[in-house]
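Shown next, in structure tokens, is the structure this report addresses.
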Amino acid sequence: MKGEVINTISKEKIEKYLNITKEALERIEVAVDERSHLYIVAKDFLTMARSYFEDAKYYYEKGDYVTAFAAINYAHGFIDAGVRLGVFKGENSKIFAFG
């Protein structure tokens, strides 16, 4: 319904975004050479994305959907930022932001 305010986070919504981010983490490839000054950025972004993804799973399992949703959005934010910066390869518009 247009104009409807949704102020709850459902289990299904969390599961959807957990699955999308899981797939993105499985497919992600570092796009810069190890000798590049951007390699450390890629590795840091990947570490942060994985850490927030694990946090999201932890909070989801505890039933804290609000914190899980926040964490999964941070995780995917690091992935998308890396794709936009060109330090990650991402070809699928359903799971990656295009650079």
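Residue numbers 1 to 99, in full-length UniProt numbering, belong to the letters of the sequence shown in order.
Cβ atoms here follow ideal geometry from the backbone N, Cα and C, with glycine treated the same way.
From a predicted model like this one, the values you see are computed outputs, not experimental measurements.
For residue i, the residue or residues it bridges with in DSSP
i     : result
LYS89 : GLU29
Within 8 Å, strictly: CB atoms of residue i and residue j
i     : j     : result
ILE79 : ALA24 : yes
ILE6  : PHE69 : no
CB-CB length for residue i against residue j, believed under 8 Å
i     : j     : result
PHE53 : GLY82 : The pair is not a contact, with the Cβ atoms about 14 Å apart (cut-off 8 Å).
TYR60 : ILE14 : 5 Å
ILE28 : GLY86 : The pair is not a contact, with the Cβ atoms about 13 Å apart (cut-off 8 Å).
TYR65 : LYS11 : 7 Å
The ligand ZN heavy atom lying under 7 Å from the CB of residue i
i     : result
VAL41 : The ligand ZN is absent from the structure shown, which contains no ligands of any kind.
Review point. With a cut-off of 8 Å, do at least 3 Cβ pairs link the region 35-43 to the region 15-23?
Key: By the C-beta criterion, the region 35-43 is judged not to be in contact with the region 15-23, since fewer than 3 inter-stretch pairs fall below 8 Å.
Exercise for review: Tell me the start and end of each unbroken alpha helix (DSSP H) in the region 57-88 that is at least 4 residues and wholly inside, in chain order.
Suggested key: 65-85
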